[in-house]
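Protein chains: 2
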Amino acid sequence: MSSDHSRVGHAHRSGAHDFDMPAWPDSVDVFDTTLRDGSQQEGLSLTVDDKLRVAEQLDHLGVAYIEGGWPGANPKDDEFFRRAPSELRLATSTLVAFGSTRRAGAKADADETLRKLVDADTSTVCIVAKSWDRHVIDALRTDLDEAVAMVADSVEFLRRRDKRVFLDAEHFFDGYRHNPQFALRVLRAAEESGAEALVLCDTNGGTLPHDIASIVLEVVDWAETQVGIHCHNDAGCAVANTLAAVGAGATHVQGCVNGYGERAGNTDLAAAIPDLTLKLSVRTIPPDRLERLTAVSHHIAELVNITPSPQQPYVGTSAFAHKGGLHASAVARRRDLYEHVSPDLVGNGMRVVVSEMAGRSTLAMKASELGLDLDGEVLGSVLDELKALEHEGYHFEVADGSLELLLRRATGWSPDFFEVESYRVITDHGTPTKSSGGDAPPVTTEATVKVHVGESRMVATAEGNGPVNALDAALRSAIGPHFRALAGIHLTDYRVRVLDTGLGTGAVTRVLVDTTDGERTWTTIGVSENIIEASWQALYDSVVLGLLQASER
Amino acid sequence: MSSDHSRVGHAHRSGAHDFDMPAWPDSVDVFDTTLRDGSQQEGLSLTVDDKLRVAEQLDHLGVAYIEGGWPGANPKDDEFFRRAPSELRLATSTLVAFGSTRRAGAKADADETLRKLVDADTSTVCIVAKSWDRHVIDALRTDLDEAVAMVADSVEFLRRRDKRVFLDAEHFFDGYRHNPQFALRVLRAAEESGAEALVLCDTNGGTLPHDIASIVLEVVDWAETQVGIHCHNDAGCAVANTLAAVGAGATHVQGCVNGYGERAGNTDLAAAIPDLTLKLSVRTIPPDRLERLTAVSHHIAELVNITPSPQQPYVGTSAFAHKGGLHASAVARRRDLYEHVSPDLVGNGMRVVVSEMAGRSTLAMKASELGLDLDGEVLGSVLDELKALEHEGYHFEVADGSLELLLRRATGWSPDFFEVESYRVITDHGTPTKSSGGDAPPVTTEATVKVHVGESRMVATAEGNGPVNALDAALRSAIGPHFRALAGIHLTDYRVRVLDTGLGTGAVTRVLVDTTDGERTWTTIGVSENIIEASWQALYDSVVLGLLQASER
Chain P
1 MSSDHSRVGH
11 AHRSGAHDFD
21 MPAWPDSVDV
31 FDTTLRDGSQ
41 QEGLSLTVDD
51 KLRVAEQLDH
61 LGVAYIEGGW
71 PGANPKDDEF
81 FRRAPSELRL
91 ATSTLVAFGS
101 TRRAGAKADA
111 DETLRKLVDA
121 DTSTVCIVAK
131 SWDRHVIDAL
141 RTDLDEAVAM
151 VADSVEFLRR
161 RDKRVFLDAE
171 HFFDGYRHNP
181 QFALRVLRAA
191 EESGAEALVL
201 CDTNGGTLPH
211 DIASIVLEVV
221 DWAETQVGIH
231 CHNDAGCAVA
241 NTLAAVGAGA
251 THVQGCVNGY
261 GERAGNTDLA
271 AAIPDLTLKL
281 SVRTIPPDRL
291 ERLTAVSHHI
301 AELVNITPSP
311 QQPYVGTSAF
321 AHKGGLHASA
331 VARRRDLYEH
341 VSPDLVGNGM
351 RVVVSEMAGR
361 STLAMKASEL
371 GLDLDGEVLG
381 SVLDELKALE
391 HEGYHFEVAD
401 GSLELLLRRA
411 TGWSPDFFEV
421 ESYRVITDHG
431 TPTKSSGGDA
441 PPVTTEATVK
451 VHVGESRMVA
461 TAEGNGPVNA
471 LDAALRSAIG
481 PHFRALAGIH
491 LTDYRVRVLD
501 TGLGTGAVTR
511 VLVDTTDGER
521 TWTTIGVSEN
531 IIEASWQALY
541 DSVVLGLLQA
551 SER
Chain A
1001 MSSDHSRVGH
1011 AHRSGAHDFD
1021 MPAWPDSVDV
1031 FDTTLRDGSQ
1041 QEGLSLTVDD
1051 KLRVAEQLDH
1061 LGVAYIEGGW
1071 PGANPKDDEF
1081 FRRAPSELRL
1091 ATSTLVAFGS
1101 TRRAGAKADA
1111 DETLRKLVDA
1121 DTSTVCIVAK
1131 SWDRHVIDAL
1141 RTDLDEAVAM
1151 VADSVEFLRR
1161 RDKRVFLDAE
1171 HFFDGYRHNP
1181 QFALRVLRAA
1191 EESGAEALVL
1201 CDTNGGTLPH
1211 DIASIVLEVV
1221 DWAETQVGIH
1231 CHNDAGCAVA
1241 NTLAAVGAGA
1251 THVQGCVNGY
1261 GERAGNTDLA
1271 AAIPDLTLKL
1281 SVRTIPPDRL
1291 ERLTAVSHHI
1301 AELVNITPSP
1311 QQPYVGTSAF
1321 AHKGGLHASA
1331 VARRRDLYEH
1341 VSPDLVGNGM
1351 RVVVSEMAGR
1361 STLAMKASEL
1371 GLDLDGEVLG
1381 SVLDELKALE
1391 HEGYHFEVAD
1401 GSLELLLRRA
1411 TGWSPDFFEV
1421 ESYRVITDHG
1431 TPTKSSGGDA
1441 PPVTTEATVK
1451 VHVGESRMVA
1461 TAEGNGPVNA
1471 LDAALRSAIG
1481 PHFRALAGIH
1491 LTDYRVRVLD
1501 TGLGTGAVTR
1511 VLVDTTDGER
1521 TWTTIGVSEN
1531 IIEASWQALY
1541 DSVVLGLLQA
1551 SER
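As they're listed, the protein sequences go chains P and A.
Every letter in the first sequence is one number past the one before it in the numbering used here, and letter 213, counting from 1, is 213.
Every letter in the second sequence is one number past the one before it in the numbering used here, and letter 345, counting from 1, is 1345.
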């Protein structure tokens, strides 16, 4: 047993156990399963390249173990383990291959699953075994003795091939409640055959923290081996369940950075890691890596192509954002009174959000961040304008670039780089469409932009693979010769949100464009019933701000 | 004290208290604060009409209290309380107005905040008071005695005007850890002046469940009055913290359906309510209303216009979805082995997700749901096509309509309602744009569609307020005369997702269109580098499926 948990006060009452305040171990081993259990999430689909890049991020963060997939289950995972030895240089983490025990009635030596697991060529493997008797009988359709033998044979087989073995005891908590003897027999068989960690899985995700704590406490007391925990968030308690298990003596913690996974997801390690490290002094990843957490979380979200929740604890873009006027001014004075931890510790930052709820003081803070000096009267009128625009669907708290232009205009400035006379976009599709049938026939888009730069009138037409791309190309072609800085300014992201969606295609469209000049990145916004017009507005602001910054350098 | 919590086993060890297994009360009062604390969420902005409609939904769900806003804090909340008496018919819930105590150094009788609170004309009010000494000194800038007097005076003032009063003890847990005497003095002042509930707020959201439990237990022991709990999710534990507090004797539970709120949000009542009701037998909302939970959650998400997380426990679209091939077939056999609760209890449903990870059996289940009989070979080739299309960016698990067309085509069927020769969309913008400056000048979009219906060639042009709207109008104008059913088919939603966003505007765009014929609703998908083409594909599938269904009636 790897923690020195000790217990006192074992009074009993109406069948329920009393239990102590948690006794936190010095450290836990963090085991990320994004590439295996996490990829069961609806909407999540990773290429082998994606998987390799996610593994690099996890290594950069410094988790102890990275579960890479299930060799034999699909060609992608086979390819991943084939390419990993040459393409994946792990500095901190150990790669783990996942599999199941041998099939019922088979011999371990002749079992395909186990053979593929060995062939994956990792030092460490994790195998899953059923520990709920009803699953053995109803799903596996064998008897309990055979289920135990499957565990013993498989662990032994893998140990003889020098693998370190972790056992995922599937449905452990449900199983333990229904038939604790059988659930413990499964663990004992793994332990006696040489498994290194017994991972208790709340597979259906419905167990609550007090039950997790009392069952883990009993298992930790009973086991000779390290105990692990694997939770799902079906009751909204995955992180708390994980903490409860650690408080009861579990020292191997499974989950996924960002909480990916089937149904409600796995334990979000981006919350469990800082909870354990910062609040409970339990060592998780190397201490100097915690500040990488936000960047790694966002990078992985990009790789798996799932928009992260701004509300995500610790790493969300809103996690340390303050909106209310009262709070924002108080926060500025005494940050520690309004923040549960310092955002710097996890690589996040405090933000003051500007929106229609903002008071003057918030807006004044933002203006002075930009080096603008706005007096009270001007601030009041900017606030009115901002509220009116937000009423139309603009949203300046996510568009720092357009907010900056709004504030600068309030000082009397107006952009004079170029003036737009008109634009036109034509999309043409010549032959029949077979949608959903592949083979999309050629569709072409061209844009024409007419602008004035000083005394010159410029007309430019460009093709693009879509309207925004064509407009961007035409504008650059028209004004590019006058502004050399434009060559260093690029759109990096384009997002579309349809507002008032209940109204169908007549609804208002909000477009956000991210732009970079290599040093700074800014977001601009456009809002219109017409998606082309909304895109144009965001594009226009993006270019104007880029030229403004270049001119000030 | 409203719960009959009893304790045993008070052994002590190194300064930590032991505590019992939770003793669950019979019932709790559910208090929703979506319209007040929830609306502090970044990106969330409600009109007064929205607020009235959210309140109706909360009443329909049957929460005990609806906190409607802060009268006097902004014009919107004033209007809400002005309109509520005539426009809001609450059958179950009690409307609550929120405010603060009187200001430091002022008299309650002359205090503007308290006057507006009274004017809001609700039977019940909730006032916030500082219970962390450092906030009194550093943020409020007064002394502790005055802070206590502010509470006593304000509660007394409101009680004299026949208001029922709840006290939100702000930063209570941080305050109690730093200066328990002061924190309890604040509660005592409220209690002695007639407050009905003492709500302990974890305002910064960083407290963990074991600390919540032990502090609530001490307060419940000490207090004469009902104790409440108000948690934030900054440590990823808001739901578990709420359960821990209830297990320690709190019987008034604050939170927001869907967990809206500043930073990481408030307690998600859509998880806390079913956890308490289904797993702990604690009465929350009227028992026969629990099955409304999913519908109310989704309806409120629409009203606040924030895309709900598919992963949300209990109510998320993925909460009971099974993706893995193995699981899906097992689930079909014995649902109770794979579901922590029955989805029907919360008005959600079990779904088998069709995606590239799906096995044949999943796809066969889906086909037979549609009444299609596909043999093994056909299933195999559909699976291959599906995988190839998903590789391009299609995503059939969210587009049941396009999936149905894909499966029908596999049976040899092909749509012969009309054939598209070409389409063209022109967007024209004649005068200079002042983006971010309001006053968008006129932009026009027209679409031309050329189609064949039987022997007739139809050419139609229509204007629209955007390209999708124009294309939809032109297609309807061209084929409408031939298909009367089309008049009953409407687009209801339109969503755009830019994939591979790292690549900028050259990225692939995925468009989803929701359509209804009044009885059934279906979703179709289009994917292309060109947003117009992607929209057209989704539109085409939407119309074809609508005509197909009408023809089969």
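Positions of the beta carbon are idealized from the N, C-alpha and C atoms, including for glycine.
These numbers were taken from a predicted model, which means no experiment stands behind them.
With a threshold of 6 Å on Cβ separation, who are the neighbours of residue i within its own chain once the five nearest residues in sequence on each side are excluded?
i	result
P/Ala460	Val449, Ala474, Ser477, Ala478
P/Ala195	Val155, Val165, Leu167
A/Gln1057	Val1296, His1299, Ile1300
P/Ser402	Thr524, Ile525, Asp541
Closer than 8 Å by C-beta to residue i: which residues in its own chain qualify, once you throw out the five before and the five after it? Chain order, please.
i	result
A/His1252	Val1028, Asp1029, Phe1031, Phe1166, Ala1197, Val1199, Gln1226, Val1227, Gly1228, Ile1229
A/Val1246	Pro1022, Trp1024, Pro1025, Val1028, Ile1229, Val1253, Leu1276, Leu1280, Val1282
Could you work out which residues of chain P lie near residue i, taking near to mean beta carbons separated by less than 7 Å?
i	result
A/Cys1237	Val239, Ala240
A/Ile1229	Result: empty, since nearest Cβ-Cβ is about 14 Å, beyond 7 Å.
Is residue j closer than 9 Å to residue i when the C-beta atoms are compared?
i	j	result
P/Pro22	P/Ala248	yes
A/Leu1144	A/Asp1133	yes
P/Arg484	P/Arg497	no
A/Leu1512	A/Ala1399	yes
A/Gly1068	A/Gly1265	no
A/Gly1347	A/Phe1320	no
A/Asn1530	P/Val544	no
A/Phe1081	A/Thr1033	no
P/Val48	P/Arg89	no
P/Val341	P/Asp50	no
A/Ser1131	A/Val1186	yes
A/Ser1417	A/Ser1309	The sequence given here places Phe at residue 1417 of chain A; Ser does not occur at that position. No, the Cβ-Cβ distance between A/Phe1417 and A/Ser1309 is not below 9 Å.
Which residue wins for smallest C-alpha separation from residue i, given the options the options?
i	options	result
P/Ala189	P/Phe157, P/Cys201, P/Leu293, P/Asp153	P/Asp153
A/Leu1345	A/Gly1430, A/Arg1495, A/Pro1286, A/Ala1147	A/Pro1286
P/Leu539	P/Trp522, P/Thr207, P/Thr101, P/Lys366	P/Trp522
Identify every residue that forms a DSSP beta bridge with residue i.
i	result
P/Gln254	P/Phe31, P/His230
A/Trp1132	Paired residues: none, contrary to the question.
P/Thr124	P/Val96, P/Arg164
A/Lys1051	Answer is none; A/Lys1051 lacks a bridge partner.
A/Arg1463	Residue 1463 of chain A is actually Glu in this sequence, not Arg. For A/Glu1463, which the question treats as bridged, DSSP gives the partners A/Glu1446.
A/Met1458	A/Val1451
A/Tyr1065	A/Phe1031, A/Thr1094
A/Ser1422	A/Lys1450
P/Asn266	P/His232
Using the beta-carbon of each residue, which ones in chain A are nearer than 7 Å to residue i?
i	result
P/Phe320	Arg1263
P/Val496	Val1496, Val1498
P/Asp428	Arg1424
P/Gly205	His1340
P/Gly268	This sequence places Asp at residue 268 of chain P; Gly is not what is there. The contacting residues are Gly1236.
Just to make sure I have the definition right: I need the residues of chain A whose C-beta is within less than 8 Å of the C-beta of residue i. Which are they?
i	result
P/Tyr176	Those within 8 Å of P/Tyr176 in chain A number zero; the least Cβ separation is about 15 Å.
P/Asp275	Leu1208, Ala1235, Gly1236, Cys1237
P/Gln312	Ala1264
Note down, in chain order, each residue of its chain lying with its Cβ closer than 7 Å to the Cβ of residue i, except the 5 sequence neighbours on either side.
i	result
P/Trp536	Tyr423, Leu471, Gly526
A/Glu1262	Gln1040, Gln1041
A/Gly1504	Only weak support exists for where A/Gly1504 lies, its pLDDT of 44 falling under 50; the coordinates are left without a value.
P/Glu87	Leu52
P/Tyr314	Ala270, Ala271, Pro274, Leu293, Val346, Asn348
Using a Cβ-Cβ cut-off of 9 Å, state whether residue i counts as contacting chain B.
i	result
A/Trp1413	Annotation note: the requested chain B is absent from the structure, which comprises protein chains P and A.
Using a cut-off of 9 Å between C-beta atoms, extract the partners of residue i located in chain A.
i	result
P/Leu337	Trp1132, Arg1134, His1135, Asp1138, Ala1139, His1171, Asp1174, Asn1204
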